[in-house]
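Trainee: Read top to bottom, the protein sequences are chains A and B.
Going by numbering that gives the first Met the number 0, the first sequence wraps up at 232, each residue one higher than the last.
Going by numbering that gives the first Met the number 0, the second sequence wraps up at 287, each residue one higher than the last.
Where a beta carbon is used, it is the ideal one built from N, C-alpha and C, also for glycine.
Here the structure is a predicted model, which means the values were calculated and not measured.
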Amino acid sequence: MIRIIFVLLITLFLHELAFSKTCIIPNNLDNKTSGDEQYSNIMGCDKHYIDKYWDDFNMLKWNWNDGFGYYDVCNNNLPLGRMLNAIFVLDKTKNIHYKKSILNWAYDYAEGDIITLSAGCGDGTLNAQNILAKVTFYMDGFYGGKSVVRRAGILLHEARHTRRIHNGWGNCPSGASCDSSWEYQGANQYQVLWLWWFGRHSVHTTKALKNDALRDARWRHDNRFNQNPGKNI
Amino acid sequence: MKKRTKKNFNIFFVSFIFLVIFIIKNYYFTTQDQKVGLIKKKDIKVSTRIITLEKKQQPNLISATPPFSSNSKLKKQVTLHLKKIEFVGEGADKAYQESLNELRKNKEAVTNFLIGEYKSTKEENYIKRQQLFETMRALHSKNSIPVFNEILMEKFPEEKSEDLHHGSTQLEEGIIRLTAIEGLGHFAKEENNEEILLTLLEIIKNKESPLPLKRQAVREYLHSSSNEKKLAQSKELIKEYLPKSEHFIVTKKIDDPEEQLPDTESPGVENDHDQHHQEHHDSESPKI
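(1) What are the residues in the segment 196–212 of chain A lying within 7 angstroms of chain B by C-beta distance?
(2) What are the start and end residues of the alpha helix (DSSP H) that includes A:THR32?
(3) Given B:GLY166, which residues of its chain have a CB within under 7 angstroms of its CB, disregarding the five upstream and five downstream residues?
(4) Under a Cβ-count criterion, where at least 16 other Cβ atoms within 10 Å of its own Cβ denotes burial, should B:ALA91 be classed as buried or exposed?
(5) Which of the three DSSP states, helix, strand or coil, is assigned to A:ASP112?
(6) Just to confirm before moving on: does the CB-CB distance between A:TRP53 and B:SER71 stay below 7 angstroms?
(7) Once DSSP output is grouped into helix, strand and coil, what is the label at A:GLN226?
(8) I think B:THR178 touches B:PHE112, with their Cβ atoms under 8 angstroms apart; what is that distance to the nearest whole Å?
(9) Counting only C-beta atoms, is A:GLY43 closer than 7 angstroms to chain B at any point?
(10) Compare the beta carbon distance of B:LEU99 and A:GLY174 with 7 angstroms and say whether it is the shorter of the two.
(11) Name, please, each residue of chain B whose Cβ falls closer than 7 angstroms to the Cβ of A:GLN37.
(12) Are the beta-carbon atoms belonging to A:TRP218 and B:LEU170 less than 7 angstroms from one another?
(13) Less than 7 angstroms between CB atoms is the rule here; does A:GLY144 satisfy it with respect to chain B?
(14) Given a threshold of 16 other Cβ atoms within 10 Å of its Cβ, counted over all protein chains shown, does B:GLU53 qualify as buried or as exposed?
(15) According to DSSP, simplified to helix, strand and coil, what is A:GLY45?
(16) For B:LEU170, would you say it is in contact with chain A, using Cβ-to-Cβ distances shorter than 7 angstroms as the test?
(17) What does A:VAL134 pair with, by DSSP beta-bridge criteria?
(18) Identify the continuous alpha helix (DSSP H) that holds B:ALA137 and give its terminal residues.
(19) A:ASN30 to B:ILE180, Cα distance in whole Å?
(20) Run through chain B and tell me which residues come within less than 8 angstroms of A:CYS73, C-beta to C-beta.
(21) Where DSSP assigns a beta bridge to B:VAL87, which residues make up the other side?
(22) Tell me which residues of the segment 110–124 of chain B have at least one Cβ-Cβ distance to chain A shorter than 8 angstroms, keeping chain order.
(23) Given a threshold of 16 other Cβ atoms within 10 Å of its Cβ, counted over all protein chains shown, does A:THR161 qualify as buried or as exposed?
(24) Shorter than 7 angstroms from the beta carbon of A:GLY176 to some beta carbon of chain B?
(25) Please classify A:ASP215: is it buried, with 16 or more other beta-carbons within 10 angstroms of its beta-carbon, or exposed?
(26) From the beta carbon of B:SER282, is the nearest beta carbon of chain A less than 7 angstroms away?
(27) Can you give me the C-alpha to C-alpha distance between A:TYR97 and A:ARG199, rounded to a whole angstrom?
(28) Please look up how many angstroms separate the CB atoms of A:SER146 and B:ILE126, rounded, as I've assumed it's under 8 angstroms.
(29) So, is the C-beta of A:ASP221 closer than 7 angstroms to a C-beta in chain B?
(30) With H, G and I counted as helix, E and B as strand and the rest as coil, what does DSSP make of A:ASP178?
(31) In whole angstroms, what separates the C-alpha of B:PRO209 from that of B:SER233?
(32) Does any C-beta atom of chain A lie closer than 7 angstroms to the C-beta of B:ILE16?
(33) For the segment 122–133 of chain A against the segment 90–110 of chain A, do three or more pairs of beta-carbon atoms, one drawn from each stretch, fall closer than 8 angstroms, so that the two count as touching?
(34) Taking only beta-carbon positions, decide if A:ASP122 is within less than 7 angstroms of chain B.
(35) Here's the rule I'm using: 16 or more other beta-carbon atoms within 10 Å means buried, otherwise exposed. How should B:PHE247 be labelled?
(36) Please classify A:ASP35: is it buried, with 16 or more other beta-carbons within 10 angstroms of its beta-carbon, or exposed?
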């Protein structure tokens, strides 16, 4: 028992030491261009959504305080506000006319397969990662010039990694991010399918945003699979 | 027995020391982490310097562009329109389309302005570059043809991202070029413009062209065929330029997205969610 406590203490110490970093929020953020401002306005800093998303994704205070937005949850410049905007997209782009569409279950799937949604500084090489169903977004994931819709796609992609790792072993143009095939139903298939549906049948969004999602889906479709799925997106 | 008690005491003592170190360290690093989100004057200076350098190093994206207007009314109109691209909620697309129709009334001048904006936008501001191209594509002004042509004839940029898994600069550049091909496709279809058809063929012929660009160029080329006979001829012509392994892209078919349910129990069951939350969530949600 004593030994276990001892080992736990050391593990905790090393874990905290490894991830404690200082990072800087970029200045001159263009939240209008990224879509953060618009999605945030619709969410209206509503306590219902904040509580729901916080609870559904099992977010923990110590992951999101210390400047990450816990004490300023509706601030679009901070990681938590930007994360909530992306979750809001997954939640609110459902189309009831297509019951078997990924648009209708992407939110439920993501929240079900993510044990904890977390935030960290990162070292600039990763945008996000999934380790044992704990999904962590890093600064590049929050701020790396990605629109809210794209961020939502990454969240779904990461959630899928809980059940499927990339199994393409570098045999496609995207290196380590390749999946063997469409039928493998890996993270790339989920992301492409969601973008495809978003581009064709999402509601309450503009034609321009839909076009962007379709082009993103087309690019990933031809670059992320060892065996080209042969879909005409 | 006495020896064992002493050993236990030692382990307890070491654990206690670690606990104290852990608490002190945690306090120290928590204090350090408070810096996140607070931009200090010093940091801003550093960022500004980096931005300035990047601006100087930025390659000239468009060398031959029509003169751009600095008309402030136009600038205001375009700025407002770019915001509307990201509109969401009921009536989002209506507002966007209305704005686009307004811009169409003066599409040549607006396109010139957009080209100027594009030229002064930083290379890594992919969202804005994409929005400017999407607006040019939607306006269908002939002034945009040289810009689309030029970017498509450039060498496709090298990958700059270190995390291909989530963010690829080639993906961003690719999306901008896909928009440009669609933009040219309009003139290929409506006017059967020879020069544009040649540009599309150049993309298809180029072995270095990424597959999605070739695929889009094929689609636009085929859509320019006015009848079935011409379509068949176009398909034959394109196939001559492509390796056999890529012949599957020679189609103008567009599929509907596939219906698919997750390969797990349907997650849409509310009871499961409630149980799921009660099980492991006790962290207080943030206050507004």
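Mentor: Put simply:
(1) TRP196, ARG199, HIS203, THR204, THR205, LYS206, ALA207, LEU208, ASN210 and ASP211
(2) 30–33
(3) SER160
(4) buried
(5) Correct three-state label for A:ASP112: helix.
(6) In this structure, A:TRP53 lies away from B:SER71, with their beta-carbon atoms at least 7 angstroms apart.
(7) coil
(8) Not confirmed; about 18 angstroms, so no contact.
(9) Chain B places no beta carbon closer than 7 angstroms to that of A:GLY43, leaving this residue out of the contacts.
(10) no
(11) GLU85, PHE86 and VAL87
(12) yes
(13) It does: the Cβ of A:GLY144 has a partner Cβ on chain B nearer than 7 angstroms.
(14) Per-residue confidence for B:GLU53 stands at a pLDDT of 35, beneath the threshold of 50, marking its modelled position as unreliable; the derived number appears in the next sentence. So B:GLU53 ends up on the exposed side.
(15) According to the sequence provided, residue 45 of chain A is Asp. The question's Gly does not apply to it. It is coil, neither helix nor strand.
(16) yes
(17) Under DSSP, A:VAL134 shares a beta bridge with A:LEU116 and A:ASN129.
(18) For B:ALA137, the enclosing alpha helix (DSSP H) begins and ends at 125–138.
(19) Approximately 28 angstroms, taken between the alpha carbons.
(20) ILE287
(21) A:THR204
(22) GLU123 and ASN124
(23) buried
(24) Going by the sequence as given, residue 176 of chain A is Ser instead of Gly. Taking Cβ atoms only, chain B reaches closer than 7 angstroms to A:SER176, which makes this a yes.
(25) Around the beta-carbon of A:ASP215, 16 or more other beta-carbon atoms lie within 10 Å, marking it buried.
(26) yes
(27) 11 angstroms
(28) 6 angstroms between Cβ atoms; contact.
(29) Closer than 7 angstroms: yes.
(30) strand
(31) 21 angstroms
(32) It does not; no Cβ of chain A falls within 7 angstroms.
(33) Short answer: they don't touch.
(34) no
(35) That one is exposed.
(36) buried
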